[in-house]
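Student: Could you have a look at this structure, given as structure tokens, before my questions?
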Amino acid sequence: MMLRISVIGTGYLGATHAAGMAELGFEVLGVDNNPAKAAALSAGQVPFHEPGLPELLAGHVAGGRLRFGTSLVEAAEFADVHFLCVGTPPGVNGAADLSQLYSALEGLVPHLTRNCLIVGKSTVPVGTAEALTARIAELAPEGISVDLAWNPEFLREGHAVYDTLHPNRLVFGVTTPDAEWALRQVYATPIAAGSPVVITNMPTAELIKVSANAFLATKISFINAMAELCDLTGADVTLLADALGHDDRIGRKFLGAGLGYGGGCLPKDVRALIARATELGAGESVEFLRDIDAINLRRRERVVEETLALLGGGHRPSGRVGVLGAAFKPLSDDVRDSPALDVARRLHAAGVDVTVFDPAATVPARAVAPQLVFAATAAAALHEADVVLHLTEWREFRELDPAFLRTVARGRVLIDARNTLDPEPWLAAGWDFRAMGRLVES
Ligand code: NAD
5 MMLRISVIGT
15 GYLGATHAAG
25 MAELGFEVLG
35 VDNNPAKAAA
45 LSAGQVPFHE
55 PGLPELLAGH
65 VAGGRLRFGT
75 SLVEAAEFAD
85 VHFLCVGTPP
95 GVNGAADLSQ
105 LYSALEGLVP
115 HLTRNCLIVG
125 KSTVPVGTAE
135 ALTARIAELA
145 PEGISVDLAW
155 NPEFLREGHA
165 VYDTLHPNRL
175 VFGVTTPDAE
185 WALRQVYATP
195 IAAGSPVVIT
205 NMPTAELIKV
215 SANAFLATKI
225 SFINAMAELC
235 DLTGADVTLL
245 ADALGHDDRI
255 GRKFLGAGLG
265 YGGGCLPKDV
275 RALIARATEL
285 GAGESVEFLR
295 DIDAINLRRR
305 ERVVEETLAL
315 LGGGHRPSGR
325 VGVLGAAFKP
335 LSDDVRDSPA
345 LDVARRLHAA
355 GVDVTVFDPA
365 ATVPARAVAP
375 QLVFAATAAA
385 ALHEADVVLH
395 LTEWREFREL
405 DPAFLRTVAR
415 GRVLIDARNT
425 LDPEPWLAAG
435 WDFRAMGRLV
445 ES
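With the numbering used here, the residue at position 291 of the sequence shown is 295, and numbering never jumps.
Dropping the structure here:
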């Protein structure tokens, strides 16, 4: 008999996972305690921007294999395997706030009517699964056996559908052969297609995820530290990164110098790892991650300072700034800890008129930064701008017409804080093109 699956917490991760599980052939119930989110998903609508997900999700909702609701009691009755995909946002001192996990278990476990497997997918500090196992034992009804496994998720927003259906590795943190068997059933299709499987204990599975994100953050901050040196010495960080990348022990990916990382994962996971290691008495082992975080935040500061200096500096900078980008990265409307929005907000707080354009993230950006003005097009955002900032590397921005935009803006300085625009057409159109650690021949 085919396993039935529930997905608890249907945000970026859970909605994608639920649709992915339906695509793999399972009957799936997604549960979220936000009724508006559950209602939108039930109507086949994805309440965030993720390429390919609306089609996949709507297809399986219409086909009847995938449905959404708000009842954990219903999930308890329905599924054999329950995936926990709730949020683990930053709490006190950067430590992960695990309250969503505990409240999901408290709503689910007392209502279980048959033996089942609960699978954590959320990113958690090492040791969380052990604590949750104890809580599950307290909550489980008499005679019901509840197993817990940890199966961290590595999907990338913007590529989430592909990553869910073709995971580049599957990590199963398990304590019983039954749990491993069930997870191999769930992921039979990607395993048959070649996704490697790592079977391990739960602490290792928890740590694999946070250390992967800490490593990626380290790579980005490393190249940004080199960009700082390039700026001081006349070296070019993009050529440096290309040359480093030719060494396949290093690789070119995640060596894009610029405004640094953001989003709902890397910044919080780095800080949560520092907090957890400190709790464990191993703060020194991850001391370097504080520098990684600090280098990352310095990039934002640098753009803010350069912009304010261009606008007269001092206590009363004045002028208009046109900002290209609000999402933390392209192909996403996620603005959680977005470097672009952070820069825009700080400039506004310094007294600058800021107008922002993003191809997908206007609605969520306006919700968290209502003080900013949002334009419907890039040209409208640049209208009479004294300085233009390129802060999120959307493909659309590489296709803008610099000559036309020169007629729209008042000033001529463009700061390409992502190092992804081709300077040539901008220079040819008369822009003063500035980059981040990259040499631009004017
Ligand atoms: P999110 O905030 O978008 O989604 C969490 C969802 O859980 C929300 O819809 C919320 O309403 C719901 N929820 C909270 N408490 C609940 C409860 N008690 N019962 C039912 N639903 C509840 O967060 P996200 O980005 O999807 O991340 C979820 C987890 O996955 C985090 O631990 C994150 O670190 C991890 N993760 C995220 C990504 C990503 O790209 N977003 C990738 C890998 C791992």
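All residues carry an ideal CB built from backbone N, CA and C; glycine is no exception.
Please state whether DSSP places Cys-120 in a helix, a strand or coil.
Tutor: Residue state, collapsed to three classes: strand.
Student: Does the beta-carbon distance from Asp-436 to Arg-422 come in below 8 angstroms?
Tutor: Not in contact: Asp-436 and Arg-422 (Cβ atoms no closer than 8 angstroms).
Student: My guess is that Gly-441 and Lys-333 are in contact by the Cβ rule of under 8 angstroms, so how many angstroms apart are they, rounded?
Tutor: Wrong, their Cβ atoms sit about 19 angstroms apart, outside the cutoff.
Student: For a minimum of 4 consecutive residues, which ranges assigned as the alpha helix (DSSP H) are wholly contained in the segment 258–335?
Tutor: Runs of the alpha helix (DSSP H) inside the segment 258–335: 270–283 and 291–314.
Student: Identify whether Gly-434 lies in helix, strand or coil by the three-state DSSP scheme.
Tutor: Gly-434: coil per DSSP, three-state reduction.
Student: Is it true that the segment 144–152 meets the segment 314–325, where meeting means three or more beta-carbon pairs spaced less than 8 angstroms apart?
Tutor: No: the two stretches stay apart, fewer than three of their Cβ pairs being nearer than 8 angstroms.
Student: Mapping DSSP to helix, strand and coil, what is Pro-194?
Tutor: Helix.
Student: Taking 7 angstroms as the cut-off, is the beta-carbon of Ile-224 closer than that to any non-hydrogen atom of the ligand MG?
Tutor: The ligand MG is not among the ligands present in this structure, which contains only the ligand NAD.
Student: Beta-carbon separation of Val-360 and Ala-383 under 8 angstroms?
Tutor: No, the pair does not count as a contact, with Cβ atoms beyond the cut-off.
Student: For Asn-172, count the other beta carbons within 10 Å of its own beta carbon; 16 or more makes it buried, fewer makes it exposed. Which is it?
Tutor: Exposed is the call here.
Student: Could you give the uninterrupted runs of the alpha helix (DSSP H) lying entirely in the segment 48–128, keeping only those of 4 residues or more?
Tutor: Those alpha helix (DSSP H) runs which fall completely within the segment 48–128 and span 4+ residues are 57–67, 76–82 and 103–112.
Student: Assuming Arg-275 and Gly-131 form a contact by the criterion Cβ under 8 angstroms, report the distance between their Cβ atoms to the nearest whole angstrom.
Tutor: Arg-275 to Gly-131, Cβ: 17 angstroms. No contact.
Student: Which of the three DSSP states, helix, strand or coil, is assigned to Arg-8?
Tutor: Arg-8: strand per DSSP, three-state reduction.
Student: Can the beta-carbon of Pro-156 be found less than 8 angstroms from the beta-carbon of Ile-212?
Tutor: Result yes, Cβ atoms of Pro-156 and Ile-212 sit closer than 8 angstroms.
Student: Does Trp-154 pass the burial test, meaning 16 or more other C-beta atoms within 10 Å, or should it be called exposed?
Tutor: Buried, since its Cβ has 16 or more Cβ neighbours within 10 Å.
Student: Under 7 angstroms from any heavy atom of the ligand NAD, does the C-beta of Glu-161 make it?
Tutor: True, at least one ligand heavy atom lies under 7 angstroms from that Cβ.
Student: Alpha carbon to alpha carbon, how far is Gly-238 from Gly-56?
Tutor: Near 42 angstroms, if we compare the C-alpha coordinates of Gly-56 and Gly-238.
Student: Which of the three DSSP states, helix, strand or coil, is assigned to Phe-219?
Tutor: Here Phe-219 sits in helix by DSSP.
Student: Identify which residue in Ala-26, Pro-93 and Ala-43 has its Cα closest to the Cα of Leu-61.
Tutor: Nearest C-alpha to Leu-61: Ala-26.
Student: Helix, strand or coil: which one does DSSP assign to Phe-378?
Tutor: Of the three classes helix, strand and coil, the one that applies to Phe-378 here is strand, per DSSP.
Student: Between which two residues does the beta strand (DSSP E) harbouring Leu-418 extend?
Tutor: First-last of the beta strand (DSSP E) with Leu-418: 417–420.
Student: Can you check whether the CB of Phe-378 is closer than 8 angstroms to the CB of Thr-366?
Tutor: Yes; because the gap between Cβ atoms is below 8 angstroms, this pair is in contact.
Student: Taking the alpha carbon of Met-448 as the point to measure from, which residue in Gly-264, Ala-218, Thr-208 and Pro-200 has its own alpha carbon closest?
Tutor: Any property of residue 448 remains undetermined from this structure, which presents the chain solely from 5 to 446.
Student: Per DSSP, what kind of secondary structure is Val-367 in: helix, strand or coil?
Tutor: It is helical.
Student: Excluding the five sequence neighbours on either side, which residues of its own chain have a C-beta within less than 7 angstroms of the C-beta of Thr-20, listed in chain order?
Tutor: For Thr-20, where only same-chain residues beyond five positions count, the Cβ hits under 7 angstroms are Glu-54, Leu-57, Leu-159, Ala-164, Val-165 and Thr-168.
Student: Quick one, are the C-beta atoms of Ala-385 and Ala-348 less than 8 angstroms apart?
Tutor: Not a contact, by the Cβ cut-off of 8 angstroms.
Student: Using C-beta distances below 6 angstroms, list every residue in its chain close to Met-206, excluding the 5 sequence neighbours before and after it, in chain order.
Tutor: The residues are Ala-133, Trp-154 and Gly-177.
Student: Starting from the Cα of Gly-48, find the closest Cα among Gly-68, Ile-227 and Ile-195 and give me that residue.
Tutor: The candidate whose alpha carbon is nearest that of Gly-48 is Gly-68.
Student: Under the rule that 16 or more other beta-carbon atoms within 10 Å means buried, what is Leu-284, buried or exposed?
Tutor: So Leu-284 ends up on the exposed side.
Student: Here's the rule: buried if 16 or more other CB atoms are within 10 angstroms of the residue's CB, otherwise exposed. What is Gln-104?
Tutor: Classification of Gln-104: buried, given that the 10 Å Cβ count is 16 or more.
Student: Along the chain, where does the alpha helix (DSSP H) containing Gly-24 start, and where does it finish?
Tutor: It spans 16–27 - the alpha helix (DSSP H) in which Gly-24 sits, taken as one unbroken run.
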